[in-house]
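Okay, so here's the structure we're looking at.
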Amino acid sequence: MSEGDKHDHGPSHSHEHRGGRHEHKTRFHDPEHAAEFDRRKSEIRADLAEKLAEMLELGSEESVLEVATGTGRAARPVAKRLHGGRIVGVDQAPAMLEVGHRHEEPIPAYSQCAGEADALPFKANAFDRAFVSFSLHHFGNPERVVREVLRVLRNGGKFVILDPVLKESTDALGAALDAKVNEVFRRTHGQDFRFHTASGIQRLLLKAGYRGARARVVTYTFDQEGMDGIPTGAHWLEIAAELEAEAPALAERLKATYFTWHKHGDALHVSGSFPYALVSGEKPQ
Numbered sequence: 000m001s002e003g004d005k006h007d008h009g010p011s012h013s014h015e016h017r018g019g020r021h022e023h024k025t026r027f028h029d030p031e032h033a034a035e036f037d038r039r040k041s042e043i044r045a046d047l048a049e050k051l052a053e054m055l056e057l058g059s060e061e062s063v064l065e066v067a068t069g070t071g072r073a074a075r076p077v078a079k080r081l082h083g084g085r086i087v088g089v090d091q092a093p094a095m096l097e098v099g100h101r102h103e104e105p106i107p108a109y110s111q112c113a114g115e116a117d118a119l120p121f122k123a124n125a126f127d128r129a130f131v132s133f134s135l136h137h138f139g140n141p142e143r144v145v146r147e148v149l150r151v152l153r154n155g156g157k158f159v160i161l162d163p164v165l166k167e168s169t170d171a172l173g174a175a176l177d178a179k180v181n182e183v184f185r186r187t188h189g190q191d192f193r194f195h196t197a198s199g200i201q202r203l204l205l206k207a208g209y210r211g212a213r214a215r216v217v218t219y220t221f222d223q224e225g226m227d228g229i230p231t232g233a234h235w236l237e238i239a240a241e242l243e244a245e246a247p248a249l250a251e252r253l254k255a256t257y258f259t260w261h262k263h264g265d266a267l268h269v270s271g272s273f274p275y276a277l278v279s280g281e282k283p284q
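Under numbering that gives the first Met the number 0, the first residue of the sequence shown is numbered 0, with each subsequent residue one higher.
Encoded structure:
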């Protein structure tokens, strides 16, 4: 897998998990699933976590909030950049927090608490930085979540969102593909699930009152046997199989937009790319 093109978009660009209240909590509240989730390794996730930490522009002693912290995996590279500061991770799934609490190598200056992303258990103006990683697509009310983060940030504080995103749709066929992608993911992750686009996340922040919302889109390419190492790869293969059987035109658009797949014997070769967005905004002074 390799990293592809990166694009920086200012706030005027016209393109577009856990932790919030929703009904579909079974998987993230299950201790076995939480432990298995923590064991998963992905070069893509690890590389993006480092990019997120860089985007936070930490000095040394900042107070940092991670929303939907899960087991704390994304907090570790952020913690390494702090010298005297602290990270507080909040999540509504006790099983995820418990697995994170049992790490053999504790995360420095990191503590956890239970709470909802759309009703954060903190007073206003409590943090210098905040971030959420691979979770925005799980929030049933992302507008309320980003407003809550704005409330607990200090003036001038920075918020960074890292999430897989859909490529911008330009026609009805693209919109139909977006709908199919979200339909398949919702079978596993519940009706709140929704992939956004990079510009959509920018607009979400600007509407909530953040300033200077900027998006960096990082595209990772792959050409390999199977989907190992590609986040949510199994779901994408499910989408491919359904479209190939039920909607050939959408299957072709999926191939043109995201990836191709070819069976040879019992193996499956995949080749393509998926985009991820790092979107930041600041609380006005």
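Note that beta-carbon positions come from the ideal geometry of N, C-alpha and C, so glycine has one too. Quick caveat, the model's predicted, so the values are computed rather than measured.
Pair within 9 Å by beta-carbon distance, residue i and residue j
i      : j      : result
SER270 : ARG213 : no
ARG85  : ALA108 : yes
VAL148 : VAL66  : yes
LEU165 : ALA248 : no
ILE43  : GLY225 : no
LEU203 : PHE130 : no
6 Å Cβ shell around residue i - same chain, five flanking residues per side excluded
i      : result
PHE133 : none
GLU15  : Confidence in GLU15 is poor, its pLDDT being 30 and thus under 50, which makes the residue's placement unreliable; the coordinate value appears in the next sentence. Correct list, in chain order: THR196, SER198 and GLY199.
VAL216 : HIS6, ALA197, PRO274 and ALA276
ARG80  : ALA52 and LEU57
Residue i - partner residues in DSSP beta bridges
i      : result
HIS268 : GLU224 and HIS261
LYS157 : ARG128 and GLU281
GLU245 : Answer is none; GLU245 lacks a bridge partner.
VAL66  : VAL89 and VAL131
SER110 : VAL87
VAL164 : HIS195
GLU359 : An answer regarding residue 359 cannot be provided, because it is not within the stretch 0 to 284 covered by the chain.
GLU42  : Looking at the DSSP assignment, GLU42 forms no beta bridge with any residue, so it has no partner.
LEU152 : PHE126
GLU115 : ALA118
7 Å CB neighbourhood of residue i in its chain, flanking five on each side removed
i      : result
ARG185 : PHE192
LYS157 : LEU55, GLU56, ARG128, SER279 and GLU281
HIS21  : Its pLDDT being 40, under 50, HIS21 is placed unreliably in this model, and the coordinates cannot settle the point.
GLU237 : VAL183
GLU53  : none
ALA207 : GLU142, VAL145, ARG146 and LEU149
PRO230 : SER41, ILE43, ARG44 and PRO163
GLY232 : MET226
Rounded C-alpha distance that separates residue i from residue j
i      : j      : result
ARG150 : ALA250 : 43 Å
GLY83  : GLU60  : 5 Å
SER41  : ALA113 : 26 Å
LEU277 : PRO76  : 15 Å
LEU205 : PRO105 : 36 Å
ASP90  : HIS263 : 43 Å
LEU64  : PHE126 : 7 Å
HIS234 : GLN111 : 30 Å
THR70  : LEU242 : 34 Å
THR259 : LEU253 : 8 Å
ILE169 : THR256 : Correcting the residue identity first, residue 169 is Thr in this sequence and not Ile. The straight-line gap from Cα to Cα measures roughly 11 Å.
GLU245 : GLY88  : 43 Å
ALA240 : HIS261 : 11 Å
ASP37  : ALA74  : Low confidence applies to ASP37: its pLDDT is 43, below 50, so where it sits in the model is not reliable, and the reading given next is rough at best. Roughly 13 Å between the two C-alpha positions.
THR68  : LEU135 : 12 Å
TYR209 : GLN201 : 9 Å
PHE194 : ALA175 : 14 Å
GLY211 : ALA78  : 25 Å
ILE137 : LEU152 : Reading off the sequence, residue 137 comes out as His, not Ile. Going from the Cα of HIS137 to the Cα of LEU152 covers about 22 Å.
Residues of its chain near residue i, where Cβ-Cβ distance is below 8 Å and the 5 sequence neighbours each way are ignored
i      : result
ASN154 : ASN124, LYS282, PRO283 and GLN284
ASP265 : none
ALA178 : none
Problem set entry | Sufficient close CB pairs (3 or more, under 8 Å) joining the stretch 118–132 to the stretch 142–157 | yes
Exercise. Can we say the stretch 44–58 touches the stretch 154–169, given the rule of at least three CB pairs closer than 8 Å?
Worked result: In short, these stretches touch, since the Cβ pair count reaches three.
For this session: Could you tell me whether the stretch 218–228 touches the stretch 257–271, using the rule of 3 or more Cβ pairs below 8 Å?
Result: yes
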